[in-house]
Amino acid sequence: MKPPEPVAPLVVEFGADPDRVERAVAEAAEQWGGEWDGATRVLVLPLSAGLFRGTLSATLRLEAAAGGTRASLEGGRRAFELRGRATLALLLGLLGALPVLAWPFFPALLPYAPMGLGLALAAWLLVVARLTTNSPEDFFELVRHLLAAGEKPGE
């Protein structure tokens, strides 16, 4: 696991009052599999960045601003770790791709080329095609979406 590293502060404006934003943050954190502690204002979110997964822990301040709420995510630290099984699958796919690449130079490897192609393709389909990336900005987009979905006509 990489050691925790500081995160640059993030400021987002919402067009709703702080109480509605706080409820939307709590709901969004639950949907993301994170934690929101309204008493200590600590937000813990799971993050994903390709072959890495980790968590972000930061303080979220909600302040009333002109026309809405200003949310400041500050004092954050994030830690990532490598997804071991996914990395192993990719390494096996790489080993499978070696006969495909090497057979022109070593013709004895030609019978193993189809198997190598199959292993490389399987690794791609199992790992690379399913990789995701999410960030605190994506979390705040979910909060914004929940706020918009909670608005009723005439409000």
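Numbering-wise (my numbering), the sequence shown opens with residue 864 and increments by one. Heads up, the beta-carbon is just placed ideally off N, CA and C, and yes, glycines get one too. Since the structure is predicted, the reported quantities are computational estimates derived from the model, not experimental observations.
Can you tell which of R933, G930, A949, A892 has the C-alpha that lies nearest to the C-alpha of F1002?
If you number the sequence shown from 1, residue 1002 lands on position 139. When only C-alpha atoms are compared, the closest one is A892.
Kindly examine the ligand ZN and report whether one of its heavy atoms sits closer than 7 Å to the Cβ of L1005.
With respect to the ligand ZN, the structure shown offers nothing to examine, as it has no ligands at all.
Cα separation between R941 and L994?
In the sequence shown, residue 941 corresponds to position 78, counting from 1. In the sequence shown, residue 994 corresponds to position 131, counting from 1. Going from the Cα of R941 to the Cα of L994 covers about 19 Å.
Just to confirm my understanding: we take G930, look at its own chain, exclude 5 residues before and 5 after, and list those with CB closer than 7 Å. What are they?
Position 67 of the sequence shown holds residue 930. Only G878 meet the Cβ criterion.
From the DSSP output, which residues share a beta bridge with L919?
Counted from its first residue, the sequence shown places residue 919 at position 56. Bridge partners of L919: L908, R941.
For G897 and Y975, I'd like the C-alpha separation in whole angstroms.
Against the sequence shown, residue 897 aligns to sequence position 34. Against the sequence shown, residue 975 aligns to sequence position 112. Distance between the alpha carbons of G897 and Y975: 46 Å.
Can you list, in chain order, the residues of its chain whose CB lies under 7 Å from that of G938, leaving out five sequence neighbours each side?
Indexing the sequence shown from 1 puts residue 938 at position 75. The answer, listed in chain order, is A921, T922.
Could you check which residue in A949, E890, R883, R916 has the C-alpha nearest to that of A927?
In the sequence shown, counting from the first residue as 1, residue 927 sits at position 64. Answer by Cα proximity: R883.
Kindly indicate which residue of F968, V990, S935, R933 has the alpha-carbon position closest to the one of G956.
As a first step, residue 956 is located in the sequence shown; it is residue number 93 there, counting from the start. Cα-wise, what sits closest to G956 is V990.
Name the residue from A992, R924, E890, E944 whose alpha carbon lies nearest to the alpha carbon of S935.
In the sequence shown, the residue the question calls residue 935 occupies position 72. Cα-wise, what sits closest to S935 is R924.
Quick one: grab the DSSP three-state call for D900.
Mapped onto the sequence shown, residue 900 falls at position 37. If DSSP states are grouped into helix, strand and coil, D900 belongs with the strands.
Whose CA, out of A992, Q894, P872, V888, lies closest to the CA of D900?
Numbered from its first residue, the sequence shown carries residue 900 at position 37. The shortest Cα separation from D900 among A992, Q894, P872, V888 belongs to V888.
Leaving out five residues on either side along the sequence, give the residues of the same chain with a beta carbon under 8 Å from the beta carbon of L1010.
Numbered from its first residue, the sequence shown carries residue 1010 at position 147. Cβ neighbours of L1010 beyond the five flanking positions: F877, G878, A879, R883, V884, A887.
How many angstroms separate the CA atom of R1007 from the CA atom of P909?
Mapped onto the sequence shown, residue 1007 falls at position 144. Mapped onto the sequence shown, residue 909 falls at position 46. Their Cα atoms are separated by approximately 18 Å.
With DSSP collapsed to three states, give me the class of A986.
As a working mapping, residue 986 is identified with position 123 in the sequence shown. In the structure shown, A986 sits in a helix (DSSP, three-state: H, G or I).
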